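Each residue of the sequence shown is one higher than the last, beginning at 204 in the working numbering.
Take a look at the structure set out below.
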Amino acid sequence: MENTVKINVNNGYEPQTVTVPKGQSTRLVFNRTNPSACLAAVQSNDLGFKQDLPLNEDMTVTINSQQAGEYDYACGMDMFRGKVVVK
Ligand SMILES: [Cu+2]
Numbered sequence: 204m205e206n207t208v209k210i211n212v213n214n215g216y217e218p219q220t221v222t223v224p225k226g227q228s229t230r231l232v233f234n235r236t237n238p239s240a241c242l243a244a245v246q247s248n249d250l251g252f253k254q255d256l257p258l259n260e261d262m263t264v265t266i267n268s269q270q271a272g273e274y275d276y277a278c279g280m281d282m283f284r285g286k287v288v289v290k
C-alpha cells in the first residue's frame, strides 16, 4: 500500500509536519511555488534523500521507514525545515 502526502513549498513547507505510517512506503510530493533559489532543493540526512525542486512541478520522494520517530528535512541551505513523523 502506498500513501501520498502533498507538501507545498512556498514560504517554507506547508504543512511543516506530516505524519506517515510506519513500515509502509509513502510518497512525499513536493511542489515549489516560490521562485527563491533558497528552496530549490530539499534534503534530509535523516531520511537519506536530496531532491531538486523545479518551480511548479510535482517532485516525488518515496520514503519507507521501518522505525517510528521524527525525521527532519530542510532546504539546501538548511534554513527552512520540515518534519516527517513516522508512527
Ligand atoms: Cu534555503
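Even glycine gets a Cβ: it sits at the ideal position worked out from N, Cα and C.
Since the model is a prediction, treat every value here as computed from it, not as a measurement.
For this session: Give a yes or no on whether the C-beta atoms belonging to residue 308 and residue 220 are separated by under 8 Å.
Result: Because residue 308 is not part of the residues shown, which for the chain are 204 to 290, the question remains open.
Problem set entry | Distance CB(residue 289)-CB(residue 209) smaller than 8 Å | no
For this session: Excluding the 5 residues preceding and the 5 following residue 265 in the sequence, name in chain order all residues of the same chain whose CB lies nearer than 6 Å to its CB.
Result: 228 and 230
Exercise. Taking 7 Å as the line, does the beta carbon of residue 296 fall inside it for any heavy atom of ligand 1?
Worked result: The requested residue 296 does not occur in the structure, where the chain is confined to residues 204 to 290.
Exercise. Near residue 272, which residues of its chain fall below 7 Å by C-beta distance, leaving aside the five closest residues on each side in sequence?
Worked result: 289
Problem set entry | Identified DSSP bridge partners for residue 272 | 289
Exercise. Among 223, 243 and 274, which residue has its Cα nearest to the Cα of residue 214?
Worked result: 243
Problem set entry | Terminal residues of the beta strand (DSSP E) in which residue 282 lies | That residue, residue 282, is in no beta strand (DSSP E); it is neither H nor E in DSSP.
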